[in-house]
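Chemist: Questions regarding the structure given below will be posed in turn.
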Amino acid sequence: MEENYIWHPFTQMKTADAPLHVVRAKGCTLYTSDGKQYIDAIASWWVNIHGHCNEHIASAIAEQAKTLEHVIFAGFTHTPAIELSKKLIHILPDQFAKVFFSDDGSTSVEVALKMAIQYWHNQGIHNKTSIIAFENAYHGDTFGAMSVAERNAFNAAFNPFLFEVKRLPIPTAGNIETVKAQLLQWGNEDNVTAFIFEPLVQGAAGMLMYEATCLDELISIAKQKNILCIADEVMTGFGRTGKKFAIEYLTQQPDIICLSKGITGGFMPLGVTVCTQQIFDAFYADDKMKTFFHGHSYTANPLACAAANASMELLVTEKCQAQIQFICTRHAAFAESIRGHSFVKAIRQQGTILAIELNTAENSSYFNAIQINACRYYLSKGIYLRPLGNIVYVMPPYCITENELEKVYAVISDSLDYLSYPEPQSH
Ligand SMILES: Cc1ncc(COP(=O)(O)O)c(C=O)c1O
């Protein structure tokens, strides 16, 4: 029986199916109050990288809770945050020097945008008033994050309140010269603060993917034209794309990176925005007006930092890295096995992310009517998948077993026949 007091996110409360009441979870399995179980094949909104209730992370949080649960982070510091900042700087590419903490993916993006804007302001440069983002981008649900995202149904009500952004299509072999020319033209106008992008994979847009070489060319132009580059790795970070970070596929590097989701292994909300020394230096001054006036009550929460430290310890183990490679290989083999199916319009893979675009009569979109039938079908087979409209994707915790992964593939494979019938079949 659903509680009456809760308003669920991204949910039309009038028409949505009753939510599943999860009572516990272990590894990749969610157990519900009605005695059923489901394989969590999308890592609970892409956050869970080591499986549910991972004991190493759970113990780290429990230990930390008995030592220091929280303390204001202005004027105070603590060991879990110090350790985490060291780990992040060590694991990230060389240009990064300073870690700024926040609460989730959206706030890590807000911080990045504000940091970039104030970077120029602090140097007395006031003509840089525009930001460049990709078409179809998604960067979160707060106002800055919505502004740099594609204008669509998610943010239509807020449109008059969002700031204007210049938009580039994601680069492909076919359009790269036009996209470069556009970026160069805006760069020559010398009024661009920053270029923000989801490197290699636009998640919420439907797992749209593009080549690292194309992004390299754009970052290179941005750098020549004094445009700060912000990589939003909220989804792609911590192994999702096959490497620890998607920017490891690049030769040109961003100035700022936003991280969240997998950072704590899915245990605690936490966001970080990591920047170069050069950016930090623009705020480092005797002048108080150059301070970065931003912070949240739970900034660098010690429990979240302890979870993140434990999660990163697991991420760098050979076992975890081997699991990531195993998923990459199995995804590729499964993709080949269904590529010719008439109900498959396209298949995309980047590392542990596999997306299958279903060939429906309706156009590809988040609101494609097949979504609801697909969701129900997968649940009826014990798999939790949450297609983005007609785009079914698999993004499992890295600890998924071969049997579990095979079961997910088998159900998707069967669904291609089942869902392609004109009328949904009863089951
Ligand atoms: C690329 C990207 N940026 C930012 C966000 C927002 O993160 P959060 O939901 O933690 O606010 C998301 C969430 O899906 C995302 O995919």
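If you're matching positions, the sequence shown starts at -7 in the numbering used here and goes up one per residue.
Built from N, CA and C at the ideal position, the CB exists for glycine as well.
If you draw a straight line from the alpha carbon of Gly166 to that of Pro294, how long is it in whole angstroms?
Modeler: Locating residue 166 in the sequence shown gives position 174, where the first residue counts as 1. Locating residue 294 in the sequence shown gives position 302, where the first residue counts as 1. Cα to Cα, Gly166 sits roughly 48 Å from Pro294.
Chemist: Which of the three DSSP states is assigned to Pro11 in this structure?
Modeler: Sequence index remark: in the sequence shown, residue 11 carries index 19 (1-based). Pro11: coil per DSSP, three-state reduction.
Chemist: Which of the three DSSP states is assigned to Thr243 in this structure?
Modeler: Your numbering for residue 243 matches position 251 in the sequence shown. Residue state, collapsed to three classes: coil.
Chemist: On a CA-only basis, which of Glu396, Ile404, Tyr130 and Asn395 is nearest Pro379? Give me that one, please.
Modeler: Walking along the sequence shown from the start, residue 379 turns up at place 387. For the residues Glu396, Ile404, Tyr130 and Asn395, the minimum Cα distance to Pro379 belongs to Ile404.
Chemist: Please tell me whether Gln341 and Ala353 are closer than 8 Å, where the distance is taken between their beta carbons.
Modeler: By 1-based counting over the sequence shown, the position of residue 341 is 349. By 1-based counting over the sequence shown, the position of residue 353 is 361. No; because the gap between Cβ atoms is not below 8 Å, this pair is not in contact.
Chemist: Give the range of the beta strand (DSSP E) segment to which Ala186 is assigned.
Modeler: What you label residue 186 is simply residue 194 of the sequence shown in a count that begins at 1. Taken as a continuous stretch (DSSP letters only), the beta strand (DSSP E) holding Ala186 covers Val184 to Phe189.
Chemist: Consult DSSP for Cys250 and reduce its assignment to one of helix, strand or coil.
Modeler: For the purposes of this step, residue 250 is identified with residue 258 of the sequence shown, where counting begins at 1. DSSP places Cys250 in strand when its eight states are reduced to three.
Chemist: With DSSP as the reference, please indicate the residues paired to Met201 in a beta bridge.
Modeler: In the sequence shown, residue 201 corresponds to position 209, counting from 1. DSSP output for Met201 lists Val193 as bridge partner(s).
Chemist: When every heavy atom of ligand 1 is checked, does at least one fall within less than 7 Å of the C-beta of Glu190?
Modeler: Here residue 190 refers to the residue found at position 198 when the sequence shown is read from its first residue. Yes, Cβ of Glu190 sits closer than 7 Å to a heavy atom of ligand 1.
Chemist: Spatial neighbours of Ile109 within its chain, please: CB distance less than 7 Å, with the 5 preceding and 5 following residues excluded, ordered by chain position.
Modeler: Translated into the one-based positions of the sequence shown, residue 109 becomes position 117. Correct list, in chain order: Thr185.
Chemist: Closer than 7 Å: is that where the CB of Ser303 sits relative to any heavy atom of ligand 1?
Modeler: Residue numbering aside, residue 303 sits at position 311 when the sequence shown is read from its first letter. No, ligand 1 has no heavy atom inside 7 Å of this Cβ.
Chemist: Cβ of His48 within 8 Å of Cβ of Leu306?
Modeler: Stepping through the sequence shown from its first residue, residue 48 is reached at position 56. Stepping through the sequence shown from its first residue, residue 306 is reached at position 314. In contact: His48 and Leu306 (Cβ atoms closer than 8 Å).
Chemist: Run through DSSP, which three-state label would Tyr130 get?
Modeler: For the purposes of this step, residue 130 is identified with residue 138 of the sequence shown, where counting begins at 1. Note: Tyr130 maps to coil in three-state DSSP.
Chemist: Would you report the Cα separation of Asn119 and Glu394, rounded to the nearest angstrom?
Modeler: Position 127 of the sequence shown, counted from the start, is the residue given in the question as residue 119. Position 402 of the sequence shown, counted from the start, is the residue given in the question as residue 394. When rounded, the distance between both Cα atoms is 55 Å.
Chemist: On the premise that Ile162 lies in contact with Ile188, defined as a C-beta separation below 8 Å, what is that separation, rounded to the nearest angstrom?
Modeler: Sequence index remark: in the sequence shown, residue 188 carries index 196 (1-based). Sequence index remark: in the sequence shown, residue 162 carries index 170 (1-based). About 13 Å; that fails the 8 Å criterion.
Chemist: Give every residue of the same chain whose Cβ lies closer than 6 Å to the Cβ of Pro416, excluding the five residues on either side of it in the sequence, and list them in chain order.
Modeler: Taking the sequence shown and counting its residues from 1, the one referred to as residue 416 is at position 424. Legend: pLDDT at Pro416 = 47, less than 50; position of this residue unreliable, value from coordinates given subsequently. If we look at Pro416 and ignore the five residues flanking it on each side, its Cβ neighbours are Asn365.
Chemist: When the Cα of Val160 is compared with those of Gly179, Asn151 and His0, which residue comes out closest?
Modeler: As a working note, residue 160 is residue 168 in the sequence shown. The sequence as given places Leu at residue 160; Val does not occur at that position. Selected option, being the one with the closest Cα: Gly179.
Chemist: Considering Cα atoms alone, identify which of Val157, Gly234, Thr134 and Asn351 is closest to Leu192.
Modeler: Within the sequence shown, residue 192 is the residue found at index 200, counting from 1. The shortest Cα separation from Leu192 among Val157, Gly234, Thr134 and Asn351 belongs to Gly234.
Chemist: Kindly indicate the opening and closing residues of the beta strand (DSSP E) around Leu350.
Modeler: As a first step, residue 350 must be located in the sequence shown, where it is residue number 358. Note, Leu350: beta strand (DSSP E), Ile345 to Leu350.
Chemist: Would the beta-carbon of Tyr358 be found less than 7 Å away from any heavy atom of ligand 1?
Modeler: One-based indexing of the sequence shown puts residue 358 at position 366. Tyr358 Cβ: outside cutoff for every heavy atom of ligand 1.
Chemist: Which same chain residues, not among the five before or five after Ala50, have their C-beta less than 8 Å away from its C-beta?
Modeler: Taking the first residue of the sequence shown as position 1, residue 50 is located at position 58. Hits under 8 Å: Phe259.
Chemist: Leaving out the 5 sequence neighbours to the left and right, which residues in its chain are closer than 8 Å to Ser418 when beta-carbon positions are compared?
Modeler: Within the sequence shown, residue 418 is the residue found at index 426, counting from 1. Residue placement at Ser418 is flagged as unreliable, the pLDDT there being 49, under the threshold of 50; a coordinate-derived value is accordingly withheld.
Chemist: Would you check whether ligand 1 has a heavy atom nearer than 7 Å to the C-beta of Ala226?
Modeler: As a first step, residue 226 is located in the sequence shown; it is residue number 234 there, counting from the start. Note on residue identity: the sequence assigns Val, not Ala, to residue 226. Checking the Cβ of Val226 against ligand 1 gives yes.
Chemist: From which residue to which residue does the beta strand (DSSP E) around Tyr369 run?
Modeler: As a working note, residue 369 is residue 377 in the sequence shown. Element bounds for Tyr369: not the beta strand (DSSP E) but the alpha helix (DSSP H), Ile362 to Ser372.
Chemist: List the residues that DSSP assigns as beta-bridge partners of Val159.
Modeler: Numbered from 1 along the sequence shown, position 167 holds the residue referred to as residue 159. Checking the sequence, you will find Arg at residue 159 rather than Val. Paired residue(s): Ala125.
Chemist: Among Phe2, Tyr376 and Ala298, which has the Cα closest to the Cα of Ala145?
Modeler: Start at 1 with the first residue of the sequence shown, and residue 145 comes out as number 153. Of the listed residues, the one whose Cα sits closest to Ala145 is Phe2.
Chemist: For Gly195, count neighbouring C-beta atoms within 10 Å of its own C-beta (all shown protein chains included) and say buried if the count is 16 or more, exposed if not.
Modeler: Stepping through the sequence shown from its first residue, residue 195 is reached at position 203. Answer is buried; the Cβ neighbour count reaches 16.
Chemist: Pull the bridge partners of Ser94 from the DSSP assignment, please.
Modeler: Translated into the one-based positions of the sequence shown, residue 94 becomes position 102. For Ser94, which the question treats as bridged, DSSP gives the partners Gly263.
Chemist: With 16 as the cutoff for other CB atoms within 10 Å, does Trp112 come out buried or exposed?
Modeler: Position 120 of the sequence shown, counting from 1, holds the residue named residue 112. Its Cβ being crowded by 16 or more others within 10 Å, Trp112 is buried.
Chemist: Rounded C-beta distance between Gly251 and Gly287? I'm assuming under 8 Å.
Modeler: Here residue 251 refers to the residue found at position 259 of the sequence shown. Here residue 287 refers to the residue found at position 295 of the sequence shown. In the sequence as displayed, the identity of residue 251 is Leu instead of Gly. That belief does not hold up - the Cβ atoms of Leu251 and Gly287 are roughly 18 Å apart, past 8 Å.
Chemist: Would you check whether ligand 1 has a heavy atom nearer than 7 Å to the C-beta of Lys253?
Modeler: As a working mapping, residue 253 is identified with position 261 in the sequence shown. Yes, Cβ of Lys253 sits closer than 7 Å to a heavy atom of ligand 1.
Chemist: From this set, Ala52, Phe153, Ser36 and Pro11, which residue's C-alpha is nearest Asp26's C-alpha?
Modeler: As a position in the sequence shown, residue 26 is number 34, starting the count at 1. Nearest to Asp26 by alpha-carbon distance, out of Ala52, Phe153, Ser36 and Pro11, is Pro11.
Chemist: On the CB-based measure, 16 or more other CB atoms within 10 Å of its CB, does Ala314 come out buried or exposed?
Modeler: Translated into positions along the sequence shown, residue 314 becomes position 322. Exposed, because fewer than 16 other Cβ atoms sit within 10 Å of the Cβ of Ala314.
Chemist: For His48, which three-state DSSP category applies?
Modeler: Within the sequence shown, numbered from 1, the residue matching residue 48 stands at position 56. His48: helix per DSSP, three-state reduction.
Chemist: Is the distance from the Cβ of Gly254 to the Cβ of Ile316 below 8 Å?
Modeler: Counting from 1 along the sequence shown, the entry for residue 254 is found at position 262. Counting from 1 along the sequence shown, the entry for residue 316 is found at position 324. For the 8 Å CB-CB criterion, Gly254 and Ile316 do not form a contact.
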